[in-house]
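First up is the structure itself, then whatever we jot down about it.
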Amino acid sequence: MARATPLSLVPAASRSAVAVPGVVVVAFLALAVRAWRAAGNAVISDDTRTYVALARKVASGQAALVEAALNHPYHPGTSLLMAGLSPLAGGLHEAGLAAAVACGALTVVPLWLLARELVGREAALVAALFLAVTPDHVKSTSHALSEGPYYLCWTFAAWLALRALRRAGPPAAFFAGLAAGLAYLFRPEGAGVVLAGLALAVAPGPFLAGVGAGRRTAFVAALAAGFLLCAAPYAARTGSFTRKIGGLERMLFDAGRGAPGPASALTDEPRSDGDPLVIDPFEPPPRPFVRPGVPRAAGEVGVETMAGQSYVLTIFTLAGLGTLLGAPGRLSSRERGAALFLLTLGVVVVASLVFVRNVKGYFSGRHVEALVIMLMPLAGLGAARLGRALARSSPSRPRPAPARGVWLVAALVAAPLGAWAARPVDADKAALVEAGPLIRAALSGAEGADAGIVATPRASRAAFYGGLDDLPLFWEEARAEQVIPTMRRHGWRYLLITWNDLHDPRRADFRHWAELLEGPAWRVAFRTREWERAVAEGAFAGDFATRVHVALLEPRPETNHE
26 MARATPLSLV PAASRSAVAV PGVVVVAFLA LAVRAWRAAG NAVISDDTRT YVALARKVAS
86 GQAALVEAAL NHPYHPGTSL LMAGLSPLAG GLHEAGLAAA VACGALTVVP LWLLARELVG
146 REAALVAALF LAVTPDHVKS TSHALSEGPY YLCWTFAAWL ALRALRRAGP PAAFFAGLAA
206 GLAYLFRPEG AGVVLAGLAL AVAPGPFLAG VGAGRRTAFV AALAAGFLLC AAPYAARTGS
266 FTRKIGGLER MLFDAGRGAP GPASALTDEP RSDGDPLVID PFEPPPRPFV RPGVPRAAGE
326 VGVETMAGQS YVLTIFTLAG LGTLLGAPGR LSSRERGAAL FLLTLGVVVV ASLVFVRNVK
386 GYFSGRHVEA LVIMLMPLAG LGAARLGRAL ARSSPSRPRP APARGVWLVA ALVAAPLGAW
446 AARPVDADKA ALVEAGPLIR AALSGAEGAD AGIVATPRAS RAAFYGGLDD LPLFWEEARA
506 EQVIPTMRRH GWRYLLITWN DLHDPRRADF RHWAELLEGP AWRVAFRTRE WERAVAEGAF
566 AGDFATRVHV ALLEPRPETN HE
């Protein structure tokens with residue numbers, strides 16, 4: 026008797042007919058949604074400004090600037106890609122945006138390849154469709170950020186690692202490691218795929234069962250070699266691995282004490298001529314830190330993942346998980362292996378997120394997208410099972426084909442998600458675009474303007490639109506007694522912050538900085554229409570030693586908290 030396989034939902038005779046054309050359609054849909062969203066973004070994201078500055082260093086070809094870009098905490102893949110594509114795209118930002126949109130759309134292809142190993146082609150195609158319109162994934166891949174290229178490489182690496190484990194062949198393992206190494210060049214979490222693959226290669230289980238020690242060793246060596254071929258040159262040049270291991274030890278030590286160690290001294294190195302970006306010129310001050318504990322951190326990761334996936338897809342994910350757990354005895358060895366691989370990879374990702382949250386105290390929605398991608402096969406399975414159940418229970422005669430029920434459910438879910446994901450956003454921040462030329466005009470010819478402009482992330486975006494190079498002041502806990510002397514020592518005479526930075530209680534209390542300054546404290550332009558008057562009154566002119574200059578760059582601060 027043939028084995029019942031409720032997870033392979035598409036009849037064998039029709040699988041090839043729905044596969045490749047369906048994936049191509051979904052990929053074009055994903056591209057259209059992201060391109061529309063990118064065109065509707067009123068401003069660049071905070072981190073885009075940093076990636077553009079790093080890419081400018083790489084594109085300059087100057088050894089000192091390239092070295093500075095490679096040593097930045099952000100991994101160099103994004104800046105290298107932007108610099109390489111800029112001649113074709115017409116600019117660094119344009120290159121990064123095109124790469125993010127294209128790679129974000131293409132991620133549906135390796136997701137479909139990975140998902141079909143567990144849930145069959147039909148449910149895998151539904152999973153790819155859901156990823157194409159997931160709002161948070163669309164958001165992060167419609168800006169010039171690392172997420173688009175990273176998740177494309179990461180998902181391909183996961184699929185290749187699964188296939189390599191099945192084949193138990195060193196060549197397949199090498200290519201899986203190579204893909205993970207490419208992912209690592211964009212974000213450090215790319216190493217997680219290799220860790221999961223190595224764990225399953227050496228552990229007893231369905232992978233490499235009965236394989237001799239020599240061949241198993243060759244498999245592990247090939248997987249590691251492929252990864253190191255991409256990752257090792259960067260790590261050896263910058264000490265990336267050593268720095269991260271040292272950072273891990275420091276975070277563990279700080280966690281044991283319950284608070285981070287004291288901030289290191291501010292840099293006394295002078296700013297090099299022509300250097301548009303100084304690497305972390307301001308250190309965070311010591312601050313109390315309470316570890317949330319592993320259970321709470323894990324709960325926060327779960328909540329963030331559900332929000333990133335969207336709660337409607339979370340319902341389908343739970344339904345798909347129930348289907349998977351309800352039929353363990355009827356799963357083929359292929360499906361059991363895929364489930365074990367995804368579970369192991371999920372444990373690696375969750376453990377890293379919980380560790381970062383519990384020890385370092387921070388993670389964001391962009392960090393959980395790996396989990397979102399991994400859960401999509403279950404969401405596709407849940408939606409496919411529901412669609413087929415609805416088709417079977419239809420009172421109409423003749424009843425609709427089961428596949429029609431699947432795609433009806435998928436369309437009813439994907440259509441509103443896609444419309445929401447593609448909507449224009451950040452209209453209240455459009456003032457940042459207009460502010461740039463005004464700031465540039467106000468600072469044109471001002472003494473010390475070329476020596477360095479210090480800006481918070483929001484104000485940094487205005488500097489970007491004004492064609493100005495700025496120095497980053499990212500630390501929310503930044504203290505005036507640290508920052509102001511450093512600015513004076515280096516000759517950085519202008520500070521650009523937004524109204525939100527000035528009043529947001531989650532950020533440094535800039536209002537009290539005036540106590541450490543001489544003379545009049547602040548000049549603030551409160552609305553867009555008042556910028557020109559503020560410029561005419563000299564709000565941006567003068568000596569930093571006697572005045573800190575503040576420009577309101579966002580007209581509706583009450584709706585602009587990020």
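So for the sequence shown, my numbering puts the first residue at 26; every next one is plus one.
Virtual Cβ for every residue (Gly too), placed ideally from N, Cα, C.
All values derive from a computational prediction rather than experimental measurement.
Here DSSP, grouped into helix, strand and coil, assigns Pro-135 to helix. Rounded to the nearest whole angstrom, the C-alpha separation of Ala-238 and Phe-232 is 13 Å. Taking the Cα positions, Gly-461 is about 5 Å away from Ala-487. Val-479: not part of any alpha helix (DSSP H); member of the beta strand (DSSP E) spanning 478-480, first to last residue. By the criterion of at least three beta-carbon pairs nearer than 8 Å, the region 55-73 is in contact with the region 450-458. In the three-state DSSP reduction, Asn-66 falls in the strand class (E or B). Here Phe-252 is buried, its C-beta having at least 16 other C-beta atoms within 10 Å.
In the DSSP annotation of this structure, Leu-170 is not part of any alpha helix (DSSP H), being labelled neither H nor E. With a 10 Å radius around the Cβ and a threshold of 16 neighbouring Cβ atoms, Phe-53 comes out exposed.
Comparing C-alpha distances from Ala-108 to each of Thr-159, Leu-356, Ala-127, Arg-81 shows the shortest one belongs to Arg-81.
In this structure, DSSP gives Leu-117 a helical state, which the three-state scheme calls helix. Ranked by how close their Cα comes to the Cα of Leu-406, the residues Trp-432, Ala-426, Pro-98 have Trp-432 in first place. Excluding five sequence positions before and after Val-373, the CB atoms of its chain that fall closer than 6 Å to its own CB belong to Gly-217, Leu-220, Ala-221, given in chain order. Shown here, Leu-521 sits in a strand according to DSSP, grouped into three states. The C-beta of Glu-92 has fewer than 16 other C-beta atoms within 10 Å across all chains shown, which makes the residue exposed. Its chain contains Ala-201, Val-218, Gly-222 as the residues whose beta carbon lies nearer than 6 Å to that of Ala-186, once the 5 sequence neighbours on both sides are disregarded; these appear in chain order. Judged by their CB atoms, Leu-138 and Trp-179 are not nearer to each other than the 9 Å cut-off. Ranking Gly-173, Val-479, Val-438, Ala-426 by CA distance to the CA of Pro-510 puts Val-479 first. In this structure, DSSP gives Val-227 a helical state, which the three-state scheme calls helix. Leaving aside the five residues that flank Thr-132 on each side, the residues in its chain whose CB is nearer than 6 Å to its CB run, in chain order, Tyr-176, Leu-177, Thr-180. Each of Ala-426, Leu-403, Gln-334, Ala-416 was checked against the Cα of His-392, and the nearest Cα belongs to Gln-334.
With a cutoff of 9 Å on beta-carbon distance, Leu-170 and Tyr-76 are scored as near each other. Residue range 71-85 is occupied by the alpha helix (DSSP H) that includes Tyr-76. For Thr-342, the enclosing alpha helix (DSSP H) starts and ends at 336-351.
Here the alpha carbons of Thr-481 and Leu-521 stand approximately 7 Å from one another. In the structure shown, Pro-420 falls within a coil segment according to DSSP collapsed to helix, strand and coil.
In this chain, the alpha helix (DSSP H) harbouring Ala-208 covers 195-211. The region 395-410 makes contact with the region 335-343: 3 or more CB pairs, one atom from each, lie closer than 8 Å. Ranking Phe-366, Arg-361, Ala-409, Ala-323 by CA distance to the CA of Ser-377 puts Ala-323 first. Per DSSP, the unbroken alpha helix (DSSP H) holding Leu-95 starts and ends at 88-95. For Ser-389, there is no enclosing alpha helix (DSSP H), as DSSP marks it with neither H nor E. Looking at the DSSP output, Leu-496 bridges to Val-479.
Put simply, the backbone Cα of Leu-493 is about 15 Å away from that of Gly-116.
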